[in-house]
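Each remark here refers to the structure printed beneath this line.
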């Protein structure tokens, strides 16, 4: 069972001026994999606040996966990528590359996303767009690889396919 934390980054949702539809949609989409949302929070577009929530969920609550929604665009208030980079130890660029690639099929503006994905100890952190449509397209693009990634982080599976690991190594020159 994958333990999940969700952070919605939105000044308007935090102020109660807008309903958090993206965070709710993430919960619904996660029903497709064996997971349990243990914490779901809404925070303002403030880098320090985002960093603190990411650290708390990863370090204290020890969730396996943190999904953020919002704050990944070009607006001066969009600081989610910077907050994420400040707390992760290693990036996982393939996830956000796939998200942008899939998003490009629906809108040319998907390439403007600055979303990041990475690892903090044994927690996988992934930034998703703020719109419900962006969340749906993005999460559906990567949902099938998340369980395997979590298994690797937990040390439950190796990092390479079983057949290729069993072959003897050969010198390349």
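Residue numbers (the numbering used here): 5 to 177. Ideal Cβ positions, reconstructed from N, Cα and C, are used throughout, including at glycine. Please read all numbers here as calculations on a predicted model, not as lab measurements.
1. Have a look at residue 143 and residue 33 and give me their C-alpha separation to the nearest angstrom.
2. DSSP three-state call for residue 170: helix, strand or coil?
3. In the structure shown, what three-state DSSP assignment does residue 18 receive?
4. Output the distance between the C-alpha atoms of residue 153 and residue 11, rounded to the nearest integer angstrom.
5. Looking at the secondary structure, which residues open and close the beta strand (DSSP E) in which residue 219 lies?
6. Please report the residue range of the beta strand (DSSP E) in which residue 9 lies.
7. Just the C-alpha distance for residue 36 and residue 139, rounded to the nearest angstrom, thanks.
8. Hey, could you find the ends of the alpha helix (DSSP H) residue 84 is sitting in?
9. Taking only the alpha-carbon atoms, compute the straight-line gap between residue 131 and residue 72 and give it to the nearest angstrom.
10. Can you say whether residue 61 is buried or exposed, counting buried as having 16 or more other CB atoms within 10 angstroms of its CB?
11. Under 8 Å: do the segment 54-69 and the segment 121-131 share three or more Cβ pairs, one atom per stretch?
12. Looking only at its own chain, which residues have a Cβ that is under 6 Å from the Cβ of residue 44, when we skip the five neighbours before and after it?
13. From residue 110 to residue 117, what does the alpha carbon distance come to, in whole angstroms?
14. Would you report the Cα separation of residue 19 and residue 133, rounded to the nearest angstrom?
15. What does the alpha-carbon distance come out to for the pair residue 119 and residue 5?
16. Go ahead and pull the three-state DSSP assignment for residue 95.
Taking the coordinates as given:
1. As a first step, residue 143 must be located in the chain shown, where it is residue number 139. As a first step, residue 33 must be located in the chain shown, where it is residue number 29. Rounded to whole angstroms, residue 143 to residue 33 spans 8 Å at the Cα level.
2. Residue numbering aside, residue 170 sits at position 166 when the chain shown is read from its first letter. At residue 170 the pLDDT is 48, less than 50, meaning the model places this residue with poor confidence; the figure from the coordinates comes in the next sentence. The answer is helix: DSSP assigns residue 170 an H, G or I state.
3. On the chain shown, position 14 is the one that residue 18 refers to. Residue state, collapsed to three classes: helix.
4. As a working mapping, residue 153 is identified with position 149 in the chain shown. As a working mapping, residue 11 is identified with position 7 in the chain shown. So the alpha carbons of these two residues sit roughly 20 Å apart.
5. An answer regarding residue 219 cannot be provided, because it is not within the stretch 5 to 177 covered by the chain.
6. Translated into positions along the chain shown, residue 9 becomes position 5. Residue 9 -> beta strand (DSSP E) spans 6-13.
7. By 1-based counting over the chain shown, the position of residue 36 is 32. By 1-based counting over the chain shown, the position of residue 139 is 135. Their backbone Cα atoms lie some 15 Å apart in a straight line.
8. Position 80 of the chain shown, counted from the start, is the residue given in the question as residue 84. Per DSSP, residue 84 belongs to the alpha helix (DSSP H) from 84-91.
9. One-based indexing of the chain shown puts residue 131 at position 127. One-based indexing of the chain shown puts residue 72 at position 68. About 5 Å.
10. As a first step, residue 61 must be located in the chain shown, where it is residue number 57. Classification of residue 61: buried, given that the 10 Å Cβ count is 16 or more.
11. yes
12. Position 40 of the chain shown holds residue 44. Excluding residues within five positions, the ones whose Cβ falls inside 6 Å are 10, 27.
13. The residue given as residue 110 occupies position 106 in the chain shown. The residue given as residue 117 occupies position 113 in the chain shown. Spanning the two alpha carbons is a distance of roughly 14 Å.
14. For the purposes of this step, residue 19 is taken as the residue at position 15 of the chain shown. For the purposes of this step, residue 133 is taken as the residue at position 129 of the chain shown. Going by the C-alpha atoms only, they are around 19 Å apart.
15. Taking the chain shown and counting its residues from 1, one reaches residue 119 at position 115. Taking the chain shown and counting its residues from 1, one reaches residue 5 at position 1. Computed Cα separation, rounded: 26 Å.
16. Counting from 1 along the chain shown, the entry for residue 95 is found at position 91. Correct three-state label for residue 95: strand.
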